[in-house]
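Residue numbers (our numbering), protein chains in the order written: chain A, 1 to 297; chain B, 298 to 679.
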């Protein structure tokens with residue numbers, strides 16, 4: 001049978017739709033459904049949503065998992081801490097990534113591919129290995145402490161591991177490319193004549209940057225910040241390997257609920273609530289993108 | 298002694314006191330490529346000067362050096378007697394209208410126009426008043442809140458002009474100001490530009506590749522080729538007395554014949570043209586010796602076309618050749634005839650269509666006589 005253009009279009013749109021359906025929507029529905037159950041010692045370890053009593057269907061919705069999240073201080077503080085860590089890391093990524101993206105966008109055509117390669121190069125090594133490498137750098141007898149001790153800058157090793165600082169380093173280091181690449185893609189499109197026009201109208205380079213370059217790169221900033229912020233909120237590996245033990249991030253709480261406590265309803269409720277928290281920045285970003293699309297018309 | 302110490306201190310040491318903009322042996326090189334080659338030029342206060350040239354002739358580079366976006370590799374640029382070499386664009390008393398208009402896409406029309414005034418630290422009310430005034434001048438009064446992408450090409454052009462004029466610059470640089478407009482709008486805008494220039498008394502330097510635009514806008518033109526200014530003059534100077542074959546060919550269309558000076562009289566030369574198959578008598582004093590190779594250029598509209606040879610003693614009788622009409626292009630207001638003369642060369646002749654219908658028009662393959670007045674040919678030595 002010959003593939004008509006229409007069925008071809010359907011196929012092209014259908015595959016990703018199916019992918020999203022099977023791997024995102026269905027799991028989400030399952031998690032959503034579990035979050036309205038209660039724990040029980042059985043397989044599966046939660047109460048069914050729909051049961052049969054005397055031949056009639058009986059809907060059993062429990063809010064206890066959600067209400068539990070607000071009674072135990074652990075969850076609220078983990079959410080807030082995760083948001084704080086993600087926000088600070090995102091800001092650091094932006095402050096470091098913007099100048100880098102700007103420099104790449106303004107570099108000569110010969111160097112540019114090399115610089116972009118260097119940004120992507122860390123992905124060739126496993127993320128996990130790179131985080132482990134930071135342990136080797138930050139440890140009490142790690143590279144940083146040894147060098148500082150040797151130089152006589154410090155006399156006792158600095159406690160770098162299991163601190164907020166280590167988590168920030170780990171997240172900023174790991175997610176920086178996700179900030180740089182969208183920023184670069186945006187900055188690279190900028191029209192130089194706009195800056196010339198600003199200079200012509202009397203704007204010094206810094207003012208022209210603030211008034212012209214920054215506002216025009218807002219969609220790039222938003223995309224980069226989202227790409228860092230969203231995964232950073234739920235980050236599990238970095239805080240587990242490098243972070244504090246007295247204050248957990250929400251990703252760790254989630255996994256503990258599933259695997260340590262085997263409290264699937266609470267774990268599901270944690271996941272659903274995290275999703276709700278992240279919906280706000282995503283919607284903000286989509287509004288920004290829509291505005292940019294309108295302007296590009 | 299009445300020596301004025303002030304005038305001795307002016308850096309330009311200008312021989313032409315009216316020169317507002319002065320380029321002194323300005324050269325710009327990009328690597329091995331010389332974009333502008335030792336250009337010297339004086340532009341007077343309040344005039345409209347057009348730099349005319351093909352792409353790559355260096356006209357835009359020259360303009361960018363005046364704006365301060367490029368630094369001359371050698372030579373200096375003076376504006377109002379001040380050497381601009383070390384002065385960045387944001388401190389120059391110059392504004393530019395960009396070819397692409399370069400409107401800030403994220404700002405409204407009002408914000409775009411206000412941008413320059415904000416850089417001067419003007420108060421909010423003063424800015425609003427001046428923006429309103431200039432938008433009225435360019436007839437964009439009601440569009441202050443629009444974004445550039447909501448405007449038509451002609452409207453954008455006006456906003457760009459308003460933005461460049463709002464700081465009341467003494468010198469406005471315009472890079473192909475009308476290139477993005479369609480023909481009708483161009484003509485209209487052209488006259489409006491002239492109007493605004495006269496009202497505000499700004500010196501305009503216009504860069505264009507369009508000779509028609511240059512002729513109607515410019516009070517003086519500078520024709521550029523390969524980084525050099527090859528001729529400066531009024532539009533009629535350049536059209537009627539081109540200095541070289543390049544200029545004659547670049548501005549308008551022209552019939553050109555190579556020839557040799559065979560006779561030099563007082564006020565005329567006789568040129569033997571192999572291509573024409575006869576001699577041309579040109580009523581021009583040309584400083585060239587007997588036997589020099591020269592080129593004779595005749596504009597198409599200065600050639601007469603008739604079915605009979607011109608009567609002896611009539612105007613143009615001494616310069617007449619026979620030919621055959623090969624092509625006729627009817628343009629409405631005039632017609633273009635391609636006439637092959639007996640030597641085989643094709644000549645371009647234009648005739649205005651003065652009468653409507655009237656006498657029997659020339660037909661293709663009809664034998665005709667071409668003649669021209671002795672003052673019509675231009676004799677070019679380079």
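Backbone N, C-alpha and C define an ideal beta-carbon position, used for all residues, glycine too.
Note that the coordinates shown come from a computational prediction; the quantities given were computed from them, not determined experimentally.
Closer than 8 Å at the beta carbon, the chain A residues around residue i
i	result
residue 550 of chain B	Correct list: empty, because the minimum Cβ distance to chain A is about 34 Å.
residue 386 of chain B	196, 199 and 200
residue 464 of chain B	201 and 202
residue 392 of chain B	200 and 201
Pick from the options that is closest to residue i, judged by C-alpha positions
i	options	result
residue 372 of chain B	B:634, B:398, B:324 and B:391	B:324
residue 475 of chain B	B:428, B:365, B:394 and B:408	B:394
residue 670 of chain B	B:642, B:598 and B:628	B:598
residue 35 of chain A	A:274, A:270 and A:290	A:270
residue 124 of chain A	A:177, A:150, A:211 and A:136	A:177
residue 335 of chain B	B:349, B:374 and B:350	B:374
residue 294 of chain A	B:576, B:403, B:353 and B:387	B:403
residue 210 of chain A	B:627, B:406 and B:412	B:412
residue 338 of chain B	B:616, B:519, B:436 and B:419	B:519
residue 380 of chain B	B:319, B:514, B:428 and B:425	B:319
residue 629 of chain B	B:622, B:567, B:648 and B:637	B:648
residue 272 of chain A	A:33, A:136, A:183 and A:166	A:33
residue 307 of chain A	A:167, A:101, A:31 and A:120	No information on residue 307 of chain A is available, as it lies outside the stretch 1 to 297 that chain A covers here.
residue 291 of chain B	B:601, B:581, B:443 and B:423	The question about residue 291 of chain B has no answer here: the residues shown for chain B are numbered 298 through 679.
residue 330 of chain B	B:341, B:494 and B:370	B:370
residue 351 of chain B	B:368, B:332, B:449 and B:666	B:332
residue 478 of chain B	B:451, B:500 and B:672	B:451
Residue i classed as buried or exposed, judged by whether at least 16 other C-beta atoms fall within 10 angstroms
i	result
residue 357 of chain B	buried
residue 608 of chain B	exposed
residue 73 of chain A	exposed
residue 480 of chain B	exposed
residue 620 of chain B	buried
residue 134 of chain A	buried
residue 289 of chain A	exposed
residue 661 of chain B	exposed
residue 298 of chain B	The pLDDT assigned to residue 298 of chain B is 37, lower than 50, so where the model puts this residue is not dependable, and the model offers no usable value.
residue 304 of chain B	Unreliable placement is indicated for residue 304 of chain B, whose pLDDT of 37 sits below 50; the coordinate value is still reported in the next sentence. So residue 304 of chain B counts as exposed.
residue 153 of chain A	exposed
residue 246 of chain A	exposed
residue 310 of chain B	The predicted model places residue 310 of chain B with a pLDDT of 43, which falls under 50 and marks its position as unreliable; any figure quoted below should be read in that light. Exposed, because fewer than 16 other Cβ atoms sit within 10 Å of the Cβ of residue 310 of chain B.
residue 173 of chain A	buried
residue 355 of chain B	buried
residue 524 of chain B	buried
residue 235 of chain A	buried
residue 430 of chain B	exposed
residue 306 of chain B	Low confidence applies to residue 306 of chain B: its pLDDT is 37, below 50, so where it sits in the model is not reliable enough to give any reading.
residue 263 of chain A	buried
residue 89 of chain A	buried
Presumed contact (8 Å Cβ cut-off) between residue i and residue j, rounded CB distance
i	j	result
residue 366 of chain B	residue 194 of chain A	Not quite, the Cβ-Cβ distance comes to about 13 Å (not below 8 Å), so this is no contact.
residue 229 of chain A	residue 281 of chain A	6 Å
residue 502 of chain B	residue 327 of chain B	Their Cβ separation, rounded to whole angstroms, is 21 Å, which puts residue 502 of chain B and residue 327 of chain B out of contact at 8 Å.
residue 554 of chain B	residue 572 of chain B	5 Å
residue 387 of chain B	residue 202 of chain A	5 Å
residue 37 of chain A	residue 62 of chain A	6 Å
Interface residues of chain B facing residue i [CB-CB closer than 8 Å]
i	result
residue 193 of chain A	395, 397 and 399
residue 207 of chain A	416
residue 135 of chain A	What residue 135 of chain A touches in chain B: nothing, since even the nearest Cβ is about 45 Å away.
residue 221 of chain A	The contacting residues do not exist; residue 221 of chain A stays about 13 Å from chain B at best.
Amino acids of chain B, ordered along the chain, whose beta-carbon sits closer than 7 Å to that of residue i
i	result
residue 154 of chain A	Within chain B, no residue comes near residue 154 of chain A; the closest Cβ sits about 46 Å away, beyond 7 Å.
residue 212 of chain A	401
Residue i: contacting residues in chain A (beta-carbon distance under 7 Å)
i	result
residue 413 of chain B	201 and 202
residue 366 of chain B	196
residue 616 of chain B	Neighbours of residue 616 of chain B on chain A: none; closest Cβ ~52 Å, over 7 Å.
Under 9 Å by beta carbon: chain B residues contacting residue i
i	result
residue 216 of chain A	401, 402 and 403
Chain A residues whose Cβ lies nearer than 9 Å to that of residue i
i	result
residue 601 of chain B	Neighbours of residue 601 of chain B on chain A: none; closest Cβ ~50 Å, over 9 Å.
Proximity test, Cβ basis, 7 Å: residue i and chain E
i	result
residue 540 of chain B	No chain E appears in the structure shown, which is made up of the protein chains A and B.
### Message
Please give the ranges of any beta strand (DSSP E) in the region 327-362 of chain B, keeping only runs that are unbroken, at least 3 residues long and fully inside the region.
### Response
330-341 and 345-350
### Task
Run through the region 224-255 of chain A for me and flag every whole alpha helix (DSSP H) of 4 or more residues, listed as ranges in chain order.
237-242 and 250-255
### Task
Could you name each continuous beta strand (DSSP E) segment of 3 residues or more that falls completely within the region 621-647 of chain B, going from the start of the chain to the end?
631-638
### Task
May I have a chain-ordered list of the beta strand (DSSP E) segments no shorter than 3 residues that lie completely inside the region 529-613 of chain B?
552-562, 565-570, 575-579, 590-595 and 601-603
### Task
Would you mind listing the alpha helix (DSSP H) stretches within the region 165-235 of chain A that are 4+ residues and don't spill past its ends, in chain order?
192-200, 205-208 and 218-233
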